[in-house]
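Peer 1: In our numbering, each residue's number is its place in the sequence shown (first place is 1) plus 9.
Where a beta carbon is used, it is the ideal one built from N, C-alpha and C, also for glycine.
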Amino acid sequence: MSAKNRGAKTKPFDFYPTPIDVVDKLLIKHKIQDGTILEPCAGNGVIIKSLRNYGYTNKIIANEIRKEEESNLIHSGADEITYDDFLLKYEVDKSVKTVITNPPFTYAKEFLEQCFKLYPNAEIIMLLRLAFLESKKRYEFWQQHPVSKLYVLSERPSFTGEGTDATAYAWFVWNEDYSMIEVV
Numbered sequence: 010m011s012a013k014n015r016g017a018k019t020k021p022f023d024f025y026p027t028p029i030d031v032v033d034k035l036l037i038k039h040k041i042q043d044g045t046i047l048e049p050c051a052g053n054g055v056i057i058k059s060l061r062n063y064g065y066t067n068k069i070i071a072n073e074i075r076k077e078e079e080s081n082l083i084h085s086g087a088d089e090i091t092y093d094d095f096l097l098k099y100e101v102d103k104s105v106k107t108v109i110t111n112p113p114f115t116y117a118k119e120f121l122e123q124c125f126k127l128y129p130n131a132e133i134i135m136l137l138r139l140a141f142l143e144s145k146k147r148y149e150f151w152q153q154h155p156v157s158k159l160y161v162l163s164e165r166p167s168f169t170g171e172g173t174d175a176t177a178y179a180w181f182v183w184n185e186d187y188s189m190i191e192v193v
């Protein structure tokens, strides 16, 4: 996801790789639950690599709509790889306890709704624009699904490799036992 060039065309599938330091900032502060982890928009596998670098031995399922990422995902540390459209067709794995992803921003709300539909009791963690908190369109969503934790990134990341974006980002966490907002 990127907000650097407002007039620029978005990349196919809205694919903007997650910088590994952005994942590291989350994992320094947040402990992932035991149990299976699902990355429904696995991209090039950076989130999975970071989880493995931090010593997580959980089973990790990587799902990616773009088959050209196969080599990256094979080397990411994923235990299982699927190539489905998460929004249209996805086989539920009842062992999933955590869903973590950087979804295509254009479809972020749809990805969240699908996560809540398929995994209503799982911890859901998403990297989103901080402005995702705003919008009349998402008002009802926020009433039904208040965020549990919010890790606001103190530095704006670069998703394009061409300098930082012009917007703020945060890791949003749902289905935790308590609420918290922190700048990281």
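Smallest Cα separation from R147: which of Y160, E164, I134 and K118?
Peer 2: Checking every option, the nearest Cα to that of R147 belongs to K118.
Peer 1: With H, G and I counted as helix, E and B as strand and the rest as coil, what does DSSP make of K103?
Peer 2: Three-state DSSP puts K103 in coil, outside helix and strand.
Peer 1: With a cut-off of 8 Å, do at least 3 Cβ pairs link the region 69-77 to the region 45-55?
Peer 2: Segments in contact, yes.
Peer 1: Using three-state DSSP, classify E132 as helix, strand or coil.
Peer 2: Strand at E132.
Peer 1: Between K68 and the rest of its own chain, which residues show a CB-CB distance below 6 Å, the 5 nearest in sequence each way excluded?
Peer 2: The residues are T45 and D88.
Peer 1: Quickly, what does DSSP pair W183 with across the bridge? List them, please.
Peer 2: Paired residues: I133.
Peer 1: Taking one C-beta from the region 129-148 and one from the region 99-109 each time, how about it: are there three or more such pairs within less than 8 Å?
Peer 2: Segments in contact, yes.
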